[in-house]
Structures are given as C-alpha cells and as structure tokens.
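In the working numbering, the protein residues as written are 805 to 865.
Below, the structure is given as structure tokens:
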C-alpha cells in the first residue's frame, strides 16, 4: 500500500480534512479521496491529493 495525502481547505485557509489515504495505485487513491470528500460534503471545497513522493493527483481550487 502506498500513502497519499488528502487535504481540503475552508474559505479562510483552515484545514477541513488533512488525512492519509492508503491505496495500491494512483487511480484507487483518487477514487477513495473523492469518495471521502463527498462523504464530508466537500467536493466543491478547495482540495488536493498528493503522493508521498510529491506528485499531484487531484487539485480543486
């Protein structure tokens, strides 16, 4: 399992979610992250998902 980092921000820059997502590949990580954002009603909030190596997989301004 690889580690990915999901962060969602509020309008003032505060962290609403700052979690580790464990997945076997990039696509699975993105699917899990988007499901987590949907669960918290944060799909439209600024958010990002990055690999532990630093690659950006998802960004929503």
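Ideal placement from N, C-alpha and C gives every residue a C-beta, glycine not left out. Note that the coordinates shown come from a computational prediction; the quantities given were computed from them, not determined experimentally.
Quiz item: Taking DSSP as the reference, what is the three-state secondary structure of residue 815?
Solution: coil
Practice problem: Kindly indicate which three-state DSSP category residue 827 falls into: helix, strand or coil? | Solution: strand
Exercise. For residue 810, name the three-state secondary structure that DSSP assigns.
Key: strand
Exercise. Pull up the DSSP beta-bridge partners for residue 852, would you.
Key: 811 and 863
Exercise. Taking only the alpha-carbon atoms, compute the straight-line gap between residue 818 and residue 833 and give it to the nearest angstrom.
Key: 23 angstroms
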